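One structure is given here, and the rest of the page talks about it.
Chains as they are written, first to last, in our numbering: chain Y, 349 to 787; chain F, 17 to 231.
Now the structure itself:
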């Protein structure tokens, strides 16, 4: 297209050098190219038709097929670098949708790694990593969300049988929303109020089998299913889950930090803030994801504004590229500036998280509260401003921005979910405020 | 805020600005000479002022009601404080990162982006910057002028800047945003995949529209 080619000739810098500066070096860019080439070379990693033309069932089937093929080829990437190679590999294959193993990798496995004692780690980690089971993370309830203290699901210890009885006492206690809970997962980390010897010790994580490993039918005492179609993420079976006095062995409670002994004695965790680490890391990934989606929206709108001609500034001088209108520049360029700002912040938070994790091993937790507070605030401000920015980019493309061909509806639905999951934004801001007031 | 007010604040890097003395006025003279340090200083001033305003509002409510209800009654001011704290962090990190760009041809457009980002944020929350005459009307006008000049300077690099994000068409998944810009033929081709185009005549015609037109 002559107009977009003219734009590229007008640029005053080397695009590859800028990309290296953005992603952290030539080696990173090289790896992106290798991953892209690999994905393009494997038809089983592609969509038979564009997903926007599929029914929900077709999308779920397509996502399940692709996630198996994707994880069959994990050796193609450095799977420990989820922040970099993992996210890129997944976005190329799975696009802007979740899949049956979304929470298995991002929540189920990290929780097993972070919250189990050595014996439990041996029992569950290799099974989860080898995909022998599919796990999710069930914390949010129908009537309760970010305020964990009021979760209603209970786990009551029975010393006679050395079991925990998991129960959903009311409809509002039903677990609701977890990705892949409805139809795919056969295990879940369930967060429940722990009762032992008649005393409630607050929310604790438990690993619970949901379905028969052969037939995949729900276990007796468990009601589980899909919560229905949503604004986005429709390749994912976000689910509901209700327990009817469902019994699990004592070792079902994850016991690295707090324990319940065979006679029911409760051992409290040494430092309650230790769980913050994974939260900060998950948020750095979220912030990078939001920055990437905002940049994608700005990329689409700016490229289209370069080739779309509409109206004349000087009468008779011919229609102009709409990117020449100051108002169009003002709609789009600040969004691109934000995308850069958010991306650099995501890398900075990830680096600080690495520093804190290293300090933690020497017992130094000074930086942890400040980073935890900051990451809550960043998650809130970035997800909100990214969603607004994506919508502004969509509107700047006129009618075509409303068509699924533009990808804007998909980008917005994928990104705006970040305003509520991982903590409702206003609650996140008030968490930051609590820290600021103390400071 | 409490520790700072009581004089024994142990603050790590991120919140250090809370303990700094207030500034009477912004040092903004012109958008071309508005330095990284002056930009950060002005955001620190506004964030600090909002945090202590929220603190004073909270303290006032705590004198009248329970701690929890006081927190609820101050929560809008508290959210504004958190947002300013986060925006300060975003501006500072952006400026610090761009300053590390060794290549001048990269640093120039990136600096324009940092200015556009900061000026846009200042203008969006202009009331906070004008409060107490911290910024004068003419300084605020100078900031706005800076936005328009940055847009002008960035215009030639707009497409190259988005290209720098290294989005392959497969990842972008957008007919409108295709790298080659050949959008209109591609839109027509994309439309052919619609399920409705599998047959020339839909069953709905025989069932409803045809009979209607024959009535």
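Here a beta-carbon is modelled for each residue, glycine too, at the ideal position from N, C-alpha and C.
Keep in mind that this is a model prediction, so the values were computed, not measured.
Bridge-paired residues (DSSP) for residue i
i	result
residue 130 of chain F	Per DSSP, none; premise fails for residue 130 of chain F.
residue 514 of chain Y	Y/503 and Y/594
residue 788 of chain Y	The requested residue 788 of chain Y does not occur in the structure, where chain Y is confined to residues 349 to 787.
residue 559 of chain Y	Y/566
residue 489 of chain Y	Y/523
residue 79 of chain F	DSSP output for residue 79 of chain F lists no bridge partner at all.
residue 548 of chain Y	Y/543
residue 589 of chain Y	Y/523 and Y/572
residue 785 of chain Y	For residue 785 of chain Y, which the question treats as bridged, DSSP gives no partner whatsoever.
residue 601 of chain Y	Y/554
Spatially closest choice to residue i from the options, by CA coordinates
i	options	result
residue 451 of chain Y	Y/605, Y/681 and Y/528	Y/528
residue 383 of chain Y	Y/589, Y/615, Y/435 and Y/607	Y/435
residue 17 of chain F	F/55, F/35 and F/132	F/35
residue 782 of chain Y	Y/756, Y/600, Y/644 and Y/722	Y/722
residue 47 of chain F	F/138, F/77 and F/202	F/138
residue 751 of chain Y	F/222, F/216, F/189 and F/228	F/189
residue 561 of chain Y	Y/572, Y/682, Y/587 and Y/534	Y/534
residue 37 of chain F	F/20, F/49, F/158 and F/45	F/20
residue 101 of chain F	Y/579, Y/726, Y/431 and Y/537	Y/726
residue 697 of chain Y	F/213, F/109, F/196 and F/206	F/109
residue 643 of chain Y	Y/734, Y/389 and Y/654	Y/734
residue 775 of chain Y	Y/728, Y/500, Y/543 and Y/638	Y/728
residue 490 of chain Y	Y/505, Y/636 and Y/526	Y/526
residue 795 of chain Y	Y/589, Y/516 and Y/506	This structure gives no information on residue 795 of chain Y, because the portion of chain Y shown stretches from 349 to 787.
residue 757 of chain Y	Y/445, Y/431, Y/418 and Y/389	Y/445
Which of helix, strand or coil DSSP assigns to residue i
i	result
residue 444 of chain Y	coil
residue 614 of chain Y	strand
residue 536 of chain Y	strand
residue 636 of chain Y	helix
residue 312 of chain Y	Outside the displayed span of chain Y (349 to 787) sits residue 312 of chain Y, for which this structure offers no information.
residue 209 of chain F	coil
residue 189 of chain F	coil
residue 737 of chain Y	helix
residue 607 of chain Y	strand
residue 470 of chain Y	helix
residue 463 of chain Y	helix
residue 581 of chain Y	coil
residue 148 of chain F	helix
residue 484 of chain Y	strand
residue 656 of chain Y	coil
residue 346 of chain Y	Any answer about residue 346 of chain Y is impossible in this case: the structure gives chain Y only from 349 up to 787.
residue 554 of chain Y	strand
residue 669 of chain Y	strand
residue 732 of chain Y	helix
residue 227 of chain F	helix
residue 74 of chain F	helix
residue 508 of chain Y	coil
residue 692 of chain Y	helix
residue 458 of chain Y	helix
residue 197 of chain F	coil
residue 360 of chain Y	coil
residue 298 of chain Y	There is simply no residue 298 of chain Y to check, as chain Y begins at 349 and stops at 787 in what is shown.
Assumed close pair residue i, residue j - CB separation to whole angstroms, cut-off 8 angstroms
i	j	result
residue 175 of chain F	residue 355 of chain Y	4 angstroms
residue 70 of chain F	residue 93 of chain F	4 angstroms
residue 119 of chain F	residue 363 of chain Y	Actually they are not in contact, since the Cβ atoms of residue 119 of chain F and residue 363 of chain Y sit about 12 angstroms apart, beyond 8 angstroms.
residue 55 of chain F	residue 111 of chain F	7 angstroms
residue 565 of chain Y	residue 559 of chain Y	6 angstroms
residue 58 of chain F	residue 145 of chain F	7 angstroms
residue 716 of chain Y	residue 704 of chain Y	5 angstroms
residue 196 of chain F	residue 349 of chain Y	6 angstroms
residue 351 of chain Y	residue 655 of chain Y	5 angstroms
Counted within 10 angstroms of its Cβ, other Cβ atoms place residue i as buried (16 or more) or exposed
i	result
residue 173 of chain F	buried
residue 671 of chain Y	buried
residue 428 of chain Y	exposed
residue 85 of chain F	exposed
residue 125 of chain F	buried
residue 433 of chain Y	buried
residue 372 of chain Y	exposed
residue 42 of chain F	buried
residue 207 of chain F	exposed
residue 483 of chain Y	buried
residue 548 of chain Y	exposed
residue 378 of chain Y	exposed
residue 579 of chain Y	exposed
Residue i CB to nearest heavy atom of the ligand SAM below 7 angstroms
i	result
residue 553 of chain Y	Absence of the ligand SAM from the depicted structure is noted, as is the absence of any ligand whatsoever, leaving it without description.
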